[in-house]
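S.K.: This structure is in C-alpha coordinates; I'll ask about it shortly.
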Amino acid sequence: MTGHSAGTDLRAAFREAVSSTWVICAADGDRPVGFTAISVVSVSLAPPLVSFNLSRTSSSRATIERTGRVSLHLLGAHQSHLARRFAGDRRSRFVSDWHWHDDGLPALTEFSARLSADVEATFDAGDSLLVTAQVTNHQQGHGDPLVHHRGAYHTLDRTPSLVLQEESA
(Lines of atoms letter the chains of each structure in order from A and count residues from 1; the text may use other names and numbers.)
(Lines give C-alpha, C1' and ligand atoms only; values in the text may rest on other atoms or scores of the structure.)
Protein backbone atom coordinates (compact mmCIF):
# COMPACT_ATOMS: atom_id res chain seq x y z
CA MET A 1 0.00 0.00 0.00
CA THR A 2 1.25 3.46 -0.83
CA GLY A 3 0.26 6.70 0.83
CA HIS A 4 -1.19 9.67 -1.05
CA SER A 5 -2.66 12.98 -0.02
CA ALA A 6 -6.21 12.74 1.34
CA GLY A 7 -7.67 14.93 -1.42
CA THR A 8 -6.45 12.81 -4.31
CA ASP A 9 -7.21 9.53 -2.55
CA LEU A 10 -10.78 10.40 -1.64
CA ARG A 11 -12.02 10.23 -5.23
CA ALA A 12 -10.21 6.91 -5.79
CA ALA A 13 -11.56 5.48 -2.54
CA PHE A 14 -15.17 6.34 -3.36
CA ARG A 15 -14.87 4.96 -6.89
CA GLU A 16 -14.76 1.57 -5.13
CA ALA A 17 -18.06 2.17 -3.35
CA VAL A 18 -21.31 1.08 -4.99
CA SER A 19 -23.90 3.87 -4.96
CA SER A 20 -27.51 4.14 -6.02
CA THR A 21 -28.21 6.48 -8.92
CA TRP A 22 -30.77 9.25 -8.54
CA VAL A 23 -32.10 12.19 -10.53
CA ILE A 24 -33.02 15.14 -8.32
CA CYS A 25 -35.40 17.76 -9.74
CA ALA A 26 -36.92 21.07 -8.74
CA ALA A 27 -38.98 23.71 -10.51
CA ASP A 28 -38.69 27.45 -10.91
CA GLY A 29 -42.22 28.24 -12.04
CA ASP A 30 -42.67 26.32 -15.27
CA ARG A 31 -38.92 25.73 -15.71
CA PRO A 32 -37.71 22.33 -14.46
CA VAL A 33 -34.14 21.83 -13.30
CA GLY A 34 -32.39 18.62 -12.32
CA PHE A 35 -29.16 16.68 -11.97
CA THR A 36 -27.80 13.17 -11.44
CA ALA A 37 -26.74 12.33 -7.89
CA ILE A 38 -25.10 9.31 -6.30
CA SER A 39 -25.08 10.82 -2.84
CA VAL A 40 -28.68 10.33 -1.63
CA VAL A 41 -28.80 8.88 1.89
CA SER A 42 -31.61 7.99 4.28
CA VAL A 43 -31.02 10.04 7.45
CA SER A 44 -34.05 9.38 9.65
CA LEU A 45 -37.34 7.46 9.57
CA ALA A 46 -39.09 9.68 12.14
CA PRO A 47 -39.29 12.25 10.75
CA PRO A 48 -38.52 10.88 7.28
CA LEU A 49 -35.34 12.70 6.25
CA VAL A 50 -32.91 12.22 3.38
CA SER A 51 -29.73 14.04 2.46
CA PHE A 52 -27.83 14.67 -0.75
CA ASN A 53 -24.88 16.70 -1.93
CA LEU A 54 -25.33 19.66 -4.23
CA SER A 55 -22.33 21.18 -5.97
CA ARG A 56 -21.89 24.88 -5.29
CA THR A 57 -21.62 25.37 -9.07
CA SER A 58 -24.73 23.32 -9.93
CA SER A 59 -27.17 25.00 -12.30
CA SER A 60 -29.96 23.64 -10.04
CA ARG A 61 -28.62 25.21 -6.84
CA ALA A 62 -30.41 28.58 -6.98
CA THR A 63 -33.79 26.98 -7.72
CA ILE A 64 -33.45 24.44 -4.91
CA GLU A 65 -32.37 27.09 -2.42
CA ARG A 66 -35.15 29.50 -3.48
CA THR A 67 -38.06 27.04 -3.69
CA GLY A 68 -37.05 24.56 -0.99
CA ARG A 69 -38.75 21.64 -2.72
CA VAL A 70 -37.29 18.67 -4.62
CA SER A 71 -38.30 15.40 -6.19
CA LEU A 72 -35.83 12.52 -6.00
CA HIS A 73 -36.00 9.62 -8.46
CA LEU A 74 -34.16 6.35 -7.88
CA LEU A 75 -33.34 5.26 -11.42
CA GLY A 76 -34.11 1.79 -12.69
CA ALA A 77 -31.53 -0.56 -14.16
CA HIS A 78 -32.64 0.33 -17.71
CA GLN A 79 -32.25 4.10 -17.23
CA SER A 80 -28.52 4.74 -17.59
CA HIS A 81 -29.39 7.05 -20.51
CA LEU A 82 -31.21 9.33 -18.04
CA ALA A 83 -28.31 9.27 -15.59
CA ARG A 84 -25.99 10.42 -18.38
CA ARG A 85 -28.47 12.98 -19.72
CA PHE A 86 -29.00 14.62 -16.31
CA ALA A 87 -25.24 14.68 -15.73
CA GLY A 88 -24.72 16.47 -19.06
CA ASP A 89 -25.84 19.66 -20.77
CA ARG A 90 -28.64 21.21 -18.72
CA ARG A 91 -30.49 22.34 -21.87
CA SER A 92 -31.15 18.72 -22.91
CA ARG A 93 -32.13 17.23 -19.54
CA PHE A 94 -35.90 17.60 -19.90
CA VAL A 95 -36.35 16.78 -23.59
CA SER A 96 -38.42 13.64 -22.84
CA ASP A 97 -39.24 10.98 -20.22
CA TRP A 98 -40.85 13.36 -17.71
CA HIS A 99 -44.07 15.21 -16.81
CA TRP A 100 -45.43 17.59 -14.17
CA HIS A 101 -46.55 15.71 -11.05
CA ASP A 102 -49.62 16.71 -9.04
CA ASP A 103 -47.24 18.08 -6.38
CA GLY A 104 -46.00 20.70 -8.88
CA LEU A 105 -42.55 19.13 -9.21
CA PRO A 106 -41.01 17.45 -12.24
CA ALA A 107 -41.49 13.68 -12.31
CA LEU A 108 -39.66 11.16 -14.41
CA THR A 109 -41.99 8.87 -16.33
CA GLU A 110 -40.38 5.75 -14.87
CA PHE A 111 -38.44 5.15 -11.65
CA SER A 112 -37.69 2.52 -9.02
CA ALA A 113 -38.83 4.99 -6.34
CA ARG A 114 -39.85 8.67 -6.26
CA LEU A 115 -39.76 10.96 -3.25
CA SER A 116 -41.13 14.48 -2.88
CA ALA A 117 -39.36 16.44 -0.16
CA ASP A 118 -39.11 19.84 1.49
CA VAL A 119 -35.60 21.13 2.10
CA GLU A 120 -34.99 21.39 5.84
CA ALA A 121 -31.44 22.75 5.88
CA THR A 122 -28.27 23.23 3.86
CA PHE A 123 -24.78 23.03 5.29
CA ASP A 124 -21.50 24.23 3.83
CA ALA A 125 -19.44 21.18 2.91
CA GLY A 126 -16.30 22.16 1.01
CA ASP A 127 -17.06 22.53 -2.69
CA SER A 128 -20.61 21.24 -2.09
CA LEU A 129 -23.65 21.87 0.04
CA LEU A 130 -25.09 19.08 2.15
CA VAL A 131 -28.87 19.27 1.82
CA THR A 132 -31.30 17.62 4.24
CA ALA A 133 -34.92 17.29 3.19
CA GLN A 134 -38.07 15.92 4.79
CA VAL A 135 -39.95 13.42 2.63
CA THR A 136 -43.57 14.40 2.12
CA ASN A 137 -44.58 11.76 -0.41
CA HIS A 138 -43.24 8.41 -1.63
CA GLN A 139 -44.14 6.46 -4.74
CA GLN A 140 -42.84 2.96 -5.35
CA GLY A 141 -41.91 2.20 -8.92
CA HIS A 142 -40.75 -1.10 -10.32
CA GLY A 143 -37.61 -2.90 -11.31
CA ASP A 144 -34.10 -3.16 -10.00
CA PRO A 145 -32.13 0.04 -9.36
CA LEU A 146 -29.28 1.42 -11.43
CA VAL A 147 -26.03 1.50 -9.48
CA HIS A 148 -22.80 3.44 -9.96
CA HIS A 149 -19.38 1.85 -9.45
CA ARG A 150 -15.89 2.76 -10.71
CA GLY A 151 -17.22 5.61 -12.82
CA ALA A 152 -19.81 3.54 -14.71
CA TYR A 153 -23.46 2.49 -14.39
CA HIS A 154 -24.33 -1.15 -13.69
CA THR A 155 -27.21 -3.46 -12.89
CA LEU A 156 -27.28 -5.72 -9.87
CA ASP A 157 -26.41 -9.38 -9.88
CA ARG A 158 -29.42 -10.69 -7.97
CA THR A 159 -27.58 -13.77 -6.67
CA PRO A 160 -27.15 -13.24 -2.92
CA SER A 161 -23.73 -14.03 -1.57
CA LEU A 162 -24.90 -14.13 2.03
CA VAL A 163 -28.35 -14.35 3.52
CA LEU A 164 -28.73 -12.81 6.94
CA GLN A 165 -31.38 -14.31 9.20
CA GLU A 166 -32.92 -12.64 12.21
CA GLU A 167 -32.26 -14.32 15.50
CA SER A 168 -35.42 -15.72 17.07
CA ALA A 169 -36.36 -14.21 20.42
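All letters in the sequence shown, in the order written, are residues 0 to 168 by numbering that gives the first Met the number 0. Virtual Cβ for every residue (Gly too), placed ideally from N, Cα, C.
Kindly indicate which three-state DSSP category Thr-135 falls into: helix, strand or coil?
M.R.: The answer is strand: DSSP assigns Thr-135 an E or B state.
S.K.: May I have the straight-line CA-CA distance separating Arg-149 from Phe-13, to the nearest angstrom?
M.R.: Between Arg-149 and Phe-13, the C-alpha separation is close to 8 Å.
S.K.: Report all residues from its chain with a CB closer than 6 Å to the CB of Val-40; omit the five preceding and five following residues, and keep chain order.
M.R.: These residues qualify, in order along the chain: Ser-50.
S.K.: Hey, Val-32 and Ser-54: beta-carbon distance below 8 Å or not?
M.R.: Going by C-beta atoms, Val-32 is not nearer than 8 Å to Ser-54.
S.K.: Could you pull out every unbroken beta strand (DSSP E) segment of at least 3 residues lying fully inside the segment 88-150, listed in chain order?
M.R.: 97-99, 105-107, 112-124, 127-139, 146-148, all fully within the segment 88-150.
S.K.: So the alpha helix (DSSP H) Leu-81 belongs to, where does it begin and stop?
M.R.: It spans 79-86 - the alpha helix (DSSP H) in which Leu-81 sits, taken as one unbroken run.
S.K.: Write down the C-beta distance between Phe-122 and Pro-105 rounded to the nearest angstrom, noting that I regard them as a contact closer than 8 Å.
M.R.: No, Phe-122 and Pro-105 are not in contact; Cβ-Cβ is about 25 Å, not under 8 Å.
S.K.: Leaving out the 5 sequence neighbours to the left and right, which residues in its chain are closer than 6 Å to Ala-168 when beta-carbon positions are compared?
M.R.: With a pLDDT of only 49 at Ala-168, under the threshold of 50, the placement of this residue in the model should not be trusted, and no figure is reported.
S.K.: Rounded to whole angstroms, what is the Cα-Cα separation between Glu-64 and Gln-133?
M.R.: One C-alpha to the other measures close to 14 Å.
S.K.: Counting C-beta neighbours from all protein chains within 10 Å, is the total for Trp-99 16 or more, i.e. buried, or is it exposed?
M.R.: Its Cβ having fewer than 16 others within 10 Å, Trp-99 is exposed.
S.K.: Terminal residues of the continuous beta strand (DSSP E) containing Thr-35?
M.R.: Per DSSP, Thr-35 belongs to the beta strand (DSSP E) from 30-36.
S.K.: Three-state secondary structure (DSSP) at Asp-156?
M.R.: Of the three classes helix, strand and coil, the one that applies to Asp-156 here is coil, per DSSP.
S.K.: Specify the secondary structure class of Ala-25 as computed by DSSP and reduced to three states.
M.R.: Of the three classes helix, strand and coil, the one that applies to Ala-25 here is strand, per DSSP.
S.K.: Rounded to the nearest angstrom, what separates Glu-119 and Ala-151 at their Cα positions?
M.R.: Cα-Cα distance, rounded: 31 Å.
S.K.: According to DSSP, is Arg-14 helix, strand or coil?
M.R.: It is helical.
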